[in-house]
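In what follows, a single structure is set out as structure tokens and then discussed.
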Amino acid sequence: MPILQHPCGKHGNLLAAPKIRKMNFPDLNPQQKLAVQAPDKPLLIVAGAGTGKTRTLTSRLLYLIESGIPGHHIIAITFTNKAAKEMAQRVGQYQQPTGRFGTKTDSFIGTFHSLGARILRSEARHLARTSSFVIFDAGDSLQLVRKIMKAIGGETKKEAHDRGPAYFAQKISRIKNRVIDMSGLQHSNKEDAFMLKIFERYEQELLKQNAFDFDDLIEKVGEVFRGHPEILEKYRKRFQYVLVDEYQDLNNCQYELIRLLAGDPARLSVVGDDQQMIYSFRGSNFKIFLDFENDWPDANVVVLEENYRSTANIIKAASALIQQNNYQKPKNLWTKNEEGAPVRIVEAEDEDTEAEWIAETISNFQFPIFKKSTAILYRTNAQSRAIEQALIEHAIQYQIFGGLRFYERKEIKDIVAALRLVQNPKDEVSRERLEKNLSKGRFLKFHEFLKNEKYFSPSELVSTFLERTGYFELIEKNFSNSDDRKENIAELLNFASGFTELAPFLEQIALLQPMDAPSATYNKKLITNNKNEQSKVISHQSSVHLMTIHLAKGLEFDAVFVAGCSEGILPHNRSLGSEAELEEERRLMYVAMTRAKKELFLSFHDIPSRFLGELPSELAEFESLSSGDRRTLDVDSEERYITLD
Numbered sequence: 000m001p002i003l004q005h006p007c008g009k010h011g012n013l014l015a016a017p018k019i020r021k022m023n024f025p026d027l028n029p030q031q032k033l034a035v036q037a038p039d040k041p042l043l044i045v046a047g048a049g050t051g052k053t054r055t056l057t058s059r060l061l062y063l064i065e066s067g068i069p070g071h072h073i074i075a076i077t078f079t080n081k082a083a084k085e086m087a088q089r090v091g092q093y094q095q096p097t098g099r100f101g102t103k104t105d106s107f108i109g110t111f112h113s114l115g116a117r118i119l120r121s122e123a124r125h126l127a128r129t130s131s132f133v134i135f136d137a138g139d140s141l142q143l144v145r146k147i148m149k150a151i152g153g154e155t156k157k158e159a160h161d162r163g164p165a166y167f168a169q170k171i172s173r174i175k176n177r178v179i180d181m182s183g184l185q186h187s188n189k190e191d192a193f194m195l196k197i198f199e200r201y202e203q204e205l206l207k208q209n210a211f212d213f214d215d216l217i218e219k220v221g222e223v224f225r226g227h228p229e230i231l232e233k234y235r236k237r238f239q240y241v242l243v244d245e246y247q248d249l250n251n252c253q254y255e256l257i258r259l260l261a262g263d264p265a266r267l268s269v270v271g272d273d274q275q276m277i278y279s280f281r282g283s284n285f286k287i288f289l290d291f292e293n294d295w296p297d298a299n300v301v302v303l304e305e306n307y308r309s310t311a312n313i314i315k316a317a318s319a320l321i322q323q324n325n326y327q328k329p330k331n332l333w334t335k336n337e338e339g340a341p342v343r344i345v346e347a348e349d350e351d352t353e354a355e356w357i358a359e360t361i362s363n364f365q366f367p368i369f370k371k372s373t374a375i376l377y378r379t380n381a382q383s384r385a386i387e388q389a390l391i392e393h394a395i396q397y398q399i400f401g402g403l404r405f406y407e408r409k410e411i412k413d414i415v416a417a418l419r420l421v422q423n424p425k426d427e428v429s430r431e432r433l434e435k436n437l438s439k440g441r442f443l444k445f446h447e448f449l450k451n452e453k454y455f456s457p458s459e460l461v462s463t464f465l466e467r468t469g470y471f472e473l474i475e476k477n478f479s480n481s482d483d484r485k486e487n488i489a490e491l492l493n494f495a496s497g498f499t500e501l502a503p504f505l506e507q508i509a510l511l512q513p514m515d516a517p518s519a520t521y522n523k524k525l526i527t528n529n530k531n532e533q534s535k536v537i538s539h540q541s542s543v544h545l546m547t548i549h550l551a552k553g554l555e556f557d558a559v560f561v562a563g564c565s566e567g568i569l570p571h572n573r574s575l576g577s578e579a580e581l582e583e584e585r586r587l588m589y590v591a592m593t594r595a596k597k598e599l600f601l602s603f604h605d606i607p608s609r610f611l612g613e614l615p616s617e618l619a620e621f622e623s624l625s626s627g628d629r630r631t632l633d634v635d636s637e638e639r640y641i642t643l644d
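Residue numbers (numbering that gives the first Met the number 0): 0 to 644.
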């Protein structure tokens, strides 16, 4: 087994090497061991879905320490606090009674932002701040931009009017993350000139208030390192070994920080999977992962291909899908797990029928369903409306992960409040909400309409509200995710189109409000005696989770339903403009499929996603809910693309 020696020379002082304890790593496979025990030079661990990347990176950290590297010379950088906590817990399992170091290590294990904050606390004076600086979150930044726009908007009123504070706050963030090149902004362009003015004032205000925003925690560290080589050298000596998780998700600013810290020779170990890079909208740069060997020509590359999560059929189907991408590091994912059931592809007439089938299928799972972890994944948040409705009608408890239930979303509550006010002018709660969330002028325009018009269908009322209040303009100005909110509104309009009168529509919404607490009545089969038979335990917590595919990355479930595998949804119609965007949509589908451990269901309505046609027919079972046919799915059938007037 190769033994790493403590570094010396310009990046550290020669230390007396302690006695080396050999680690056998009995829980690692040969490829994982190869990565853990790799020579002391840049290392890229290409870890396919479900191949144990966290375990491997954690073992790499342990190996370095047991090879004689003091823990305080090692940093492990993650993207989320959850991942950092998981890694720290695994490190903590190696306790002193086993002959290994204790549950606490002085290695830094944390996120990019927590590392940046720690460095800035020590180096704030170089940026004209004190160590007691405050950190502005996204809401604070938005409020500051709003204040600045109000102050300078008089000079350039049109530019301030055309774009809202959310737009400029997001643009500031993209500049700081090197997604937008500051030098590319033109003073001759009115909007760019206004942006430059806002950015300059924004930075002045942060300085004045002894503050950094969230993006500064990485960007400003790079600024200090570039401007003060002696400080960079200090941290290179302190952090002589750099480990990075989810390397495929790095943006340009994070990449620069890693390049600066790694130095030369680089003692850098990174792990990631290019086939799971799905965050370009956040600024992740796909080329960083693919160019690792160009950046460090002497790098070792170890590929992890044994999947421990999914059945063989799921792995084969997902692998066949992702092989259609051109830009990737090819992998041959395999598993020792059983073959498992075929992937089920189901065609529905519409989204409500699709959601009803999902709920019914979950209801028919072998009882009790809470013992089977189940996820319903979707491309956009707007898709949850029909699914939530079906689950509620089937009395299936569910949880939405990382988001609000459909009727709890601000834009939906605003519109429903307007409809309630039409139905009942005495509804003060709805009136107060609209007066608060709309400007006085916008509310009056809608209120004047209410006085004169009474006989409209629900969908016509929604459209009128949007038009009279300029609601789309309002959300574009104030929210960076305005496209998502528009999709939610479009879904509400779609649902409203099925009603001719307002009262039944509002009653249906009221009856479909999600249960705030589990029902007081439980099936007797849910009641089980504990081991001591001293009391009875009622298990009612839902194991059905709803979330977007983006939020599902890193998670796993026994059964996974991917709803809306339709052309225009997945892949999304906003992502059809280039090959790069389409390939990311395919990676998104791949991530969704590889969350499943035992059962995978892919459903669609209207035109099937092109991705369904890329799955091997021998691994899939197709069913049409309208005809009951069980046959091979033919996405190229011309009949699917013919519409009759």
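Every residue gets a Cβ at the ideal spot worked out from N, C-alpha and C, and that includes glycine. Please read all numbers here as calculations on a predicted model, not as lab measurements.
Legend entry - Sub-7 Å separation of P327 and D273 beta-carbons: Counted from its first residue, the sequence shown places residue 327 at position 328. Counted from its first residue, the sequence shown places residue 273 at position 274. The sequence given here has Gln at residue 327, not Pro. Yes, the pair counts as a contact, with Cβ atoms nearer than the cut-off.
Inset, instruction - Below 6 Å CB to CB, which residues in the same chain sit around I314 once its five sequence neighbours on both sides are set aside? - result: Counted from its first residue, the sequence shown places residue 314 at position 315. The answer, listed in chain order, is N306, L332, T334.
Inset, instruction - Please report how far the alpha carbon of A265 lies from the alpha carbon of K40, in whole angstroms. - result: The sequence position of residue 265 within the sequence shown is 266, counting from 1. The sequence position of residue 40 within the sequence shown is 41, counting from 1. About 6 Å.
Legend entry - Unbroken alpha helix (DSSP H) run spanning F224, endpoints: Indexing the sequence shown from 1 puts residue 224 at position 225. Counting along the chain, the alpha helix (DSSP H) containing F224 begins and ends at 215–226.
Inset, instruction - Assuming F603 and L611 form a contact by the criterion Cβ under 8 Å, report the distance between their Cβ atoms to the nearest whole angstrom. - result: Against the sequence shown, residue 603 aligns to sequence position 604. Against the sequence shown, residue 611 aligns to sequence position 612. Confirmed, Cβ separation roughly 7 Å.
Inset, instruction - Could you check if D214 is buried or exposed, using at least 16 other CB atoms within 10 Å of its CB as the buried criterion? - result: On the sequence shown, position 215 is the one that residue 214 refers to. So D214 counts as buried.
Inset, instruction - Measure from the alpha carbon of I171 to the alpha carbon of each residue in R200, I151, N188, then state which is nearest. - result: Locating residue 171 in the sequence shown gives position 172, counting from the first residue. Considering only alpha carbons, the answer is R200.
Legend entry - Segment limits, alpha helix (DSSP H) that includes Y201: Position 202 of the sequence shown, counted from the first residue, corresponds to residue 201. Counting along the chain, the alpha helix (DSSP H) containing Y201 begins and ends at 189–207.
Inset, instruction - Report yes if the CB atom of V461 is closer than 7 Å to the CB atom of L492, and no otherwise. - result: As a working mapping, residue 461 is identified with position 462 in the sequence shown. As a working mapping, residue 492 is identified with position 493 in the sequence shown. In this structure, L492 lies closer than 7 Å to V461 by Cβ.
Inset, instruction - Sort out for me which residues DSSP pairs D212 with in a bridge. - result: One-based indexing of the sequence shown puts residue 212 at position 213. DSSP lists F135 as partners of D212.
Inset, instruction - Enumerate, from N- to C-terminal direction, the unbroken beta strand (DSSP E) stretches of 3 or more residues contained entirely within the stretch 30–114. - result: 42–46, 73–77, 107–110
Inset, instruction - Indicate whether T650 and L303 have their beta-carbon atoms separated by less than 7 Å. - result: There is simply no residue 650 to check, as the chain begins at 0 and stops at 644 in what is shown.
Inset, instruction - Return the chain-ordered list of same chain residues with a C-beta closer than 7 Å to the C-beta of L501, the five sequence neighbours on each side being excluded. - result: In the sequence shown, counting from the first residue as 1, residue 501 sits at position 502. Around L501: L418, V421, Q422, P457, L460.
Legend entry - Segment limits, beta strand (DSSP E) that includes T373: Residue numbering aside, residue 373 sits at position 374 when the sequence shown is read from its first letter. Where T373 is concerned, the enclosing beta strand (DSSP E) stretches over 373–377.
Inset, instruction - Please name the residue in I179, M588, Q322, R585 whose C-alpha comes closest to that of R281. - result: Locating residue 281 in the sequence shown gives position 282, counting from the first residue. For the residues I179, M588, Q322, R585, the minimum Cα distance to R281 belongs to I179.
Legend entry - M546 - containing beta strand (DSSP E), residue span: Numbered from its first residue, the sequence shown carries residue 546 at position 547. Residues 543–547.
Legend entry - K219, buried or exposed, once every other Cβ within 10 Å from all chains shown has been counted against 16: The residue you call residue 219 lines up with position 220 of the sequence shown. With 16 or more other Cβ atoms within 10 Å, it is buried.
Legend entry - Under the three-state DSSP convention, the category Y470 falls into: Taking the first residue of the sequence shown as 1, we reach residue 470 at position 471. Three-state result, Y470: helix.
Inset, instruction - Would you kindly work out how many angstroms separate the C-alpha atoms of M86 and Y62, rounded to a whole number? - result: As a first step, residue 86 must be located in the sequence shown, where it is residue number 87. As a first step, residue 62 must be located in the sequence shown, where it is residue number 63. Approximately 14 Å between the Cα atoms of the pair.
Legend entry - Span of the beta strand (DSSP E) around L166: Mapped onto the sequence shown, residue 166 falls at position 167. For the sequence presented, residue 166 should be read as Tyr rather than Leu. Looking at the DSSP string, Y166 is not in any beta strand (DSSP E); the run it does join, the alpha helix (DSSP H), is 164–175.
Inset, instruction - Determine the DSSP secondary structure at S309, reduced to helix, strand or coil. - result: Position 310 of the sequence shown, counted from the start, is the residue given in the question as residue 309. Reduced to three states, the DSSP call for S309 is coil.
Legend entry - Enclosing beta strand (DSSP E) for S608 [first to last residue]: Locating residue 608 in the sequence shown gives position 609, where the first residue counts as 1. Where S608 is concerned, there is no enclosing beta strand (DSSP E), given that its DSSP letter is neither H nor E.
Inset, instruction - Decide if the stretch 397–414 is in contact with the stretch 567–585; the criterion is three or more beta carbon pairs, one per stretch, under 8 Å apart. - result: no
Legend entry - Beta-carbon proximity of D557 to S362, cut-off 7 Å: Along the sequence shown, one-based indexing puts residue 557 at 558. Along the sequence shown, one-based indexing puts residue 362 at 363. Not a contact, by the Cβ cut-off of 7 Å.
Inset, instruction - Could you tell me which residues DSSP puts in a beta bridge with L242? - result: Taking the first residue of the sequence shown as position 1, residue 242 is located at position 243. According to DSSP, which records beta bridges pairwise, L242 is partnered with A75, S268.
Inset, instruction - Note down, in chain order, each residue of its chain lying with its Cβ closer than 7 Å to the Cβ of H549, except the 5 sequence neighbours on either side. - result: Taking the first residue of the sequence shown as 1, we reach residue 549 at position 550. So the qualifying residues of the chain are I277.
Legend entry - Bridge partner(s) assigned by DSSP for Q398: Looking up residue 398 in the sequence shown gives position 399. Q398 pairs with H544.
Inset, instruction - Within the same chain, show all residues whose beta-carbon is closer than 6 Å to that of D349, passing over the 5 residues directly before and after it, in chain order. - result: Mapped onto the sequence shown, residue 349 falls at position 350. Sequence-distant Cβ neighbours of D349 in its own chain, meaning closer than 6 Å and more than five residues away, are H604.
Inset, instruction - Identify every residue that forms a DSSP beta bridge with S565. - result: Looking up residue 565 in the sequence shown gives position 566. The partner list for S565 (beta bridge, DSSP) reads P607.
Inset, instruction - Decide yes or no for the touch test of the stretch 380–387 against the stretch 611–627: beta carbon pairs closer than 8 Å, at least 3 of them. - result: no
Legend entry - DSSP state of E500 mapped onto helix, strand, coil: Within the sequence shown, the letter at position 501 stands for residue 500. Three-state DSSP puts E500 in coil, outside helix and strand.
Inset, instruction - Evaluate the contact criterion for the stretch 130–138 versus the stretch 219–237: three or more CB pairs, one atom per stretch, below 8 Å. - result: By the Cβ criterion, the stretch 130–138 is not in contact with the stretch 219–237, since fewer than three pairs of Cβ atoms, one from each stretch, lie closer than 8 Å.
Legend entry - Residue interval of the alpha helix (DSSP H) (run including E447): Looking up residue 447 in the sequence shown gives position 448. It spans 439–451 - the alpha helix (DSSP H) in which E447 sits, taken as one unbroken run.
Legend entry - Closest Cα partner of R467 within the set L205, I474, R441: Counted from its first residue, the sequence shown places residue 467 at position 468. The residue with the shortest Cα to Cα distance from R467 is R441.
Inset, instruction - Compare the C-alpha of A689 against each of R89, L465, D426, V270 and name the closest. - result: The structure shown does not extend to residue 689, since the chain is modelled only from 0 to 644, so the question has no answer here.
Inset, instruction - Return the first residue and the last residue of the beta strand (DSSP E) that L303 is part of. - result: Here residue 303 refers to the residue found at position 304 of the sequence shown. Note, L303: beta strand (DSSP E), 299–303.
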